[in-house]
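Participant: Here's a structure for you.
Protein chains: 2
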Amino acid sequence: MIERQEIKTLLQDPPVNTRVTIMGWVRAWRGNRFMVINDGSGPETLQVVVDGERFDEETIRAIGFHACVGVTGTLAESQGAGQAVEVIAEEITIFGENDLSRYPLQPKKQSMEFLRDNAQFRMRTNTFSSVFRVRHGVAYAVNKYFHDRGYYYLHTPIITGNDAEGAGEMFRVSVLDPTNPPRTADGKIDYNQDFFGKATNLTVSGQLQAEIGAMALGKVYTFGPTFRAENSNTSRHLAEFWMIEPEIAFADIENDMDLAEDFVKYLINYCLEHYAADLQFLDERIQELEKNMKATDRRPMGLIDTLRFVVENDFARITYTEALDILLQSKTYKKGKFEFDLSWGTDLQAEHERYLVEKHFQRPVIVRDYPKDIKAFYMRQNDDGKTVAAMDVLFPYIGEVIGGSQREEREDRLRQRMAEMNVHADELEWYLQLRTFGGCPHAGFGLGFERIVQFITGMGNIRDVIPFPRAPRLAQF
Amino acid sequence: MIERQEIKTLLQDPPVNTRVTIMGWVRAWRGNRFMVINDGSGPETLQVVVDGERFDEETIRAIGFHACVGVTGTLAESQGAGQAVEVIAEEITIFGENDLSRYPLQPKKQSMEFLRDNAQFRMRTNTFSSVFRVRHGVAYAVNKYFHDRGYYYLHTPIITGNDAEGAGEMFRVSVLDPTNPPRTADGKIDYNQDFFGKATNLTVSGQLQAEIGAMALGKVYTFGPTFRAENSNTSRHLAEFWMIEPEIAFADIENDMDLAEDFVKYLINYCLEHYAADLQFLDERIQELEKNMKATDRRPMGLIDTLRFVVENDFARITYTEALDILLQSKTYKKGKFEFDLSWGTDLQAEHERYLVEKHFQRPVIVRDYPKDIKAFYMRQNDDGKTVAAMDVLFPYIGEVIGGSQREEREDRLRQRMAEMNVHADELEWYLQLRTFGGCPHAGFGLGFERIVQFITGMGNIRDVIPFPRAPRLAQF
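Residue numbers (the numbering used here), protein chains in the order written: chain A, 1035 to 1511; chain B, 1035 to 1511.
Structure follows, in structure tokens:
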């Protein structure tokens, strides 16, 4: 049995003048006398005072940057500046030496790309340990928010035989011999011989199945991995990402927008309250990065100020048609400075979304009532015959963070829309039956988990907020 | 905006003589006067009194079993027996009629197989709504347990390029044209042209990646889907299931066993405390099912009694060698009544595990120190040269619920074991580096989430505790 105390707990109410045992990794080693230890429990470090007379030179030499050690000693009020308490070492155990001449990481700035390639160690850096603690905090807040409000967590399937949603390219899942697969008489792959007796893919969304849950348990949410096999090699896209999809019976688009705004504000508030030290570090990191940038390239506000601003202000709420008017009236449009064209019926591009959020409203914006032809078949048709009860929540820097809608609960309208959009009704008979038998108005949305973690941590690349990113030609670890 | 009150909340502290609006599904309809509504918020129903003079016959006729309705009226103390309060209906909205002549479900007992095939409706039954509320409760308790104790939730990858763990058959993930895939000069599939530039599979475990997290953040856990492409068509196996894998730095096998026992007891206690009404229903369901069974086929204890017994008693802890002695001394063995053979070095089969748990100890058992040749390469080698610091937690009815180990932190020992077991070290260089640079003793385990949900709900088939089960030839929805 191994026993130790965690640094985060020790520093909350330090039991001064007691004997403590801490274990962790050496973050710094000052003048062969002050060893700075972090054990991952929080961003805090604890300084260990090593008396050169008590320990032999060999031990002291063996302890380098990122070596793993255990220290037993007395927790004392610190004589030096910079920390309230320190440990006067009585025993030191070296669990894992670290030969710096071979260690991939070095005690200096490393590029984000380099750290991504060495993700087995990147969580030991200040930046990434803070990012992944905050990521945990957001995940916990997701579950707590819904649980406290009577939602039930629903695990929707990862492997699916539905490819009807058409939300993008999908990954195929199979156990057939790829070199020489069984074939039917007409030369096609014989998926009847595959594991599931049919062709299967990785899910792009749990929404359709979540509607089953909402039509029985009332309020549910999913929180699981989703996949897009799109060849998007950008700082905003991942091939494998986590998504949160609440689905609520007895709700319309207004309930949906209220829920979305309340929910993301809760997540941000939770982190501001519980991960203040990590956010402080990440805020300072950005200031450091921006020091040598032109003023126009810098963020208009620091990280924590941005987060506070979002939770303290109402999101702007406009229709797609109003958004279009604003954009068409803008100087940017009139000077021909948008790359993509704009007219009623075209989808808003990232540049348009950023204009609305960052220039026009200067706060998050919810755009609703999009043209039906740029949205999915299941969204509820508005009375104007042209738009659907869809809504997107747009954030500064990261763009769309939430996409949602009221669902079409009228079976005839849904069937008609599926026919118009060439969605195979036979594969989705179960989905239609949710309308035939005991259906009701309902709504929901999807939140891209990494997008909100990116916003809260201020990281520039989405690959740096997921422990092991998956993207085109990237499946390390 | 739709506004309503949830039945669970209303019944906690009923605001008698106020006007309320409830919305839900009709569970029963007594004498065209008493309508029993459930809204999924809990197992509780609320009775609505429908005055025949106030509502026209057409409305009343349209409201059938599992129809979806909204009712506004006065919450009053009930005149009848069986409920404390009821709603005197003033307005009734029919959201979704339900034509019983076409509805797949009928207001009578249906087989579990039938309900599985109609999973779009099974959550509306008493049994499945309770099961999936309890499933939520277990999931929430998992996150709360670890969060409250300073563990960080880590999302390990679902798509992986590692196939080194060898924990079973894997599903292949690809975007190559399966009919005519690109090939290399020697006729093999050219995975260099696939999405990730190499062959990829669905994960069988996040443990190896979780060790990266533990070696930086100290204590982490995973909670995500894992996959086995094994052709096991049993009531105990799924092809897609959720797994929880804590991984802890500065921990040995003793810490690991203590954590495992404390953790599963917490999950059970959490459900006993917070899902009492659902468990009560599931307990009575089993009693009902067992009425016509022979005494020897019935459970020795009811569901809730079993759960209480598990949390109130210490788990037995024995070594594999002791377990073998007990089995070899048993009457069952001596009478030749075990199907599978037993000698030192063979793995324990389900029949042996059940004997130890249900006959010999009559409580959960932790077996440790298994022969190294039946366990994975990464488990820490004991000093006897024959066994490894592995441990399995065995439960009544469901058998193995947890498998864990202290990890081999000594690089030379690990390399040697990988060579002996033909694990490709070149694919796991990053894993070995966790030992080379700043490693330490660490341990962890995996808990099969559906297994523990099955134990807590008392359901006989694991397919009935996951919303959309995946098994050979089964990928509906």
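Backbone N, C-alpha and C define an ideal beta-carbon position, used for all residues, glycine too.
Do A/Ala-1509 and B/Ile-1193 have their beta-carbon atoms positioned less than 9 Å apart in this structure?
Facilitator: Against a cut-off of 9 Å, the Cβ pair of A/Ala-1509 and B/Ile-1193 comes out as a contact.
Participant: From B/Gln-1321 to B/Gly-1492, what distance separates their C-alpha atoms?
Facilitator: Spanning the two alpha carbons is a distance of roughly 11 Å.
Participant: For A/Pro-1259, does the count of other Cβ atoms within 10 angstroms reach 16, so buried, or fall short, so exposed?
Facilitator: Flag for A/Pro-1259 reads buried.
Participant: May I ask you to report which of helix, strand or coil DSSP gives A/Ser-1439?
Facilitator: If DSSP states are grouped into helix, strand and coil, A/Ser-1439 belongs with the strands.
Participant: Could you round the C-beta distance between B/Asn-1152 and B/Pro-1138 to whole angstroms and report it? I think they count as a contact, below 8 Å.
Facilitator: The pair is a contact, with the Cβ atoms about 5 Å apart (cut-off 8 Å).
Participant: Establish whether the CB of B/Glu-1203 and some CB of chain A are separated by less than 9 Å.
Facilitator: Yes - at least one Cβ of chain A is within 9 Å of the one on B/Glu-1203.
Participant: At least one CB of chain B closer than 9 Å to the CB of A/Phe-1489: is that the case?
Facilitator: Closer than 9 Å: no.
Participant: Tell me, which residues are paired with B/Phe-1275 by DSSP?
Facilitator: DSSP lists B/Thr-1260 as partners of B/Phe-1275.
Participant: Could you tell me the distance, in whole angstroms, from the CA atom of A/Phe-1483 to the CA atom of A/Tyr-1431?
Facilitator: So the alpha carbons of these two residues sit roughly 15 Å apart.
Participant: Give the secondary structure of B/Asp-1426 by DSSP, where H, G and I count as helix, E and B as strand, and everything else as coil.
Facilitator: B/Asp-1426 falls in the strand class under three-state DSSP.
Participant: Can you grab the Cα-Cα spacing for the pair B/Ala-1350 / B/Ala-1357, in whole Å?
Facilitator: So the two alpha carbons sit approximately 11 Å from each other.
Participant: Mapping the DSSP letters down to three states, classify B/Val-1209 as helix, strand or coil.
Facilitator: Three-state DSSP puts B/Val-1209 in coil, outside helix and strand.
Participant: Apart from the five residues just before and just after B/Asn-1303, which ones in its own chain have a Cβ nearer than 7 Å to its Cβ?
Facilitator: Closer than 7 Å at the Cβ level, and outside the excluded window around B/Asn-1303, lie Val-1345.
Participant: Return the residues of the region 1053–1083 of chain A that lie within a Cβ-Cβ distance of less than 7 Å from chain B, sorted by chain order.
Facilitator: The residues in question are Met-1057, Trp-1059, Asp-1073, Gly-1074, Ser-1075.
Participant: Is the number of C-beta pairs between the region 1220–1239 of chain B and the region 1165–1182 of chain B that are closer than 8 Å three or more?
Facilitator: Not touching, per the Cβ criterion.
Participant: Smallest Cα separation from A/Glu-1279: which of A/Ala-1310, A/Glu-1245, A/Asp-1312?
Facilitator: Out of A/Ala-1310, A/Glu-1245, A/Asp-1312, A/Glu-1245 has the C-alpha closest to the C-alpha of A/Glu-1279.
Participant: Would you mind reading off the limits of the beta strand (DSSP E) that contains A/Asp-1085?
Facilitator: Run containing A/Asp-1085: none; DSSP gives neither H nor E here.
Participant: Taking C-beta pairs closer than 7 Å, name the residues in chain B that A/Ala-1285 reaches, listed in chain order.
Facilitator: Within 7 Å Cβ-Cβ: Ile-1036.
Participant: Between B/Ser-1163 and B/Pro-1077, what straight-line distance do the alpha-carbon atoms span, to the nearest angstrom?
Facilitator: Rounded to whole angstroms, B/Ser-1163 to B/Pro-1077 spans 7 Å at the Cα level.
Participant: Closer than 7 Å by C-beta to A/Gln-1383: which residues in its own chain qualify, once you throw out the five before and the five after it? Chain order, please.
Facilitator: Taken in chain order, the residues that qualify are Phe-1374.
Participant: Could you check the C-alpha separation between A/Asp-1317 and A/Phe-1489 for me, to the nearest Å?
Facilitator: Approximately 12 Å between the Cα atoms of the pair.
Participant: DSSP on B/Asp-1403, reduced to helix/strand/coil?
Facilitator: In the structure shown, B/Asp-1403 sits in a strand (DSSP, three-state: E or B).
Participant: Taking only runs of the alpha helix (DSSP H) that begin and end inside the region 1456–1485 of chain A, which ones reach a length of at least 4 residues, in chain order?
Facilitator: Listed in chain order, they are 1463–1470.
Participant: Report back the beta-carbon spacing between B/Val-1083 and B/Ala-1294 to the nearest angstrom; my notes put them in contact at under 8 Å.
Facilitator: The pair is not a contact, with the Cβ atoms about 51 Å apart (cut-off 8 Å).
Participant: Taking B/Ser-1439 as the reference, give the member of B/Ala-1101, B/Leu-1481, B/Ala-1310 with the closest Cα.
Facilitator: The shortest C-alpha separation from B/Ser-1439 is found at B/Leu-1481.
Participant: So what does A/Leu-1390 bridge to, in DSSP terms?
Facilitator: According to DSSP, A/Leu-1390 bridges with nothing at all.
Participant: Restricting to Cα atoms, I'd like to know which of B/Val-1050, B/Val-1298, B/Glu-1120 is closest to B/Arg-1067.
Facilitator: The candidate whose alpha carbon is nearest that of B/Arg-1067 is B/Glu-1120.
Participant: So, for A/His-1216: in the same chain, excluding its five sequence neighbours on each side, which residues have a beta-carbon less than 7 Å away from its beta-carbon?
Facilitator: The amino acid occupying residue 1216 of chain A in the given sequence is Pro; His does not appear at that position. Correct list, in chain order: Leu-1210, Asp-1224, Gln-1227.
Participant: Run down chain A in chain order and give the residues with a C-beta less than 7 Å from the C-beta of B/Tyr-1137.
Facilitator: Chain A residues near B/Tyr-1137: Phe-1471.
Participant: Just to confirm my understanding: we take B/Met-1146, look at its own chain, exclude 5 residues before and 5 after, and list those with CB closer than 7 Å. What are they?
Facilitator: The answer, listed in chain order, is Asn-1495, Asp-1498.
Participant: Who pairs with B/Ala-1283 in a beta bridge, going by DSSP?
Facilitator: Paired residues: B/His-1476.
Participant: Which residues in the same chain as B/Gly-1370 place their Cβ atom closer than 8 Å to its Cβ, once the five residues preceding and following it in sequence are excluded?
Facilitator: Cβ neighbours of B/Gly-1370 beyond the five flanking positions: none.
Participant: State the Cα-Cα distance for the pair B/Phe-1315 and A/Pro-1334, rounded to the nearest angstrom.
Facilitator: Their backbone Cα atoms lie some 57 Å apart in a straight line.
Participant: Going straight from the alpha carbon of B/Ser-1208 to that of A/Phe-1511, what length do you get?
Facilitator: Using only the alpha carbons, I get a separation of about 17 Å.
Participant: With a threshold of 9 Å between beta carbons, is A/Tyr-1389 in contact with chain B?
Facilitator: It does not; no Cβ of chain B falls within 9 Å.
Participant: With 8 Å as the limit, tell me which residues of the region 1223–1241 of chain B have their beta carbon closer than that to any beta carbon of chain A; keep them in chain order.
Facilitator: So the close ones are Ile-1223, Phe-1229, Phe-1230, Gly-1231, Lys-1232, Thr-1234, Leu-1236.
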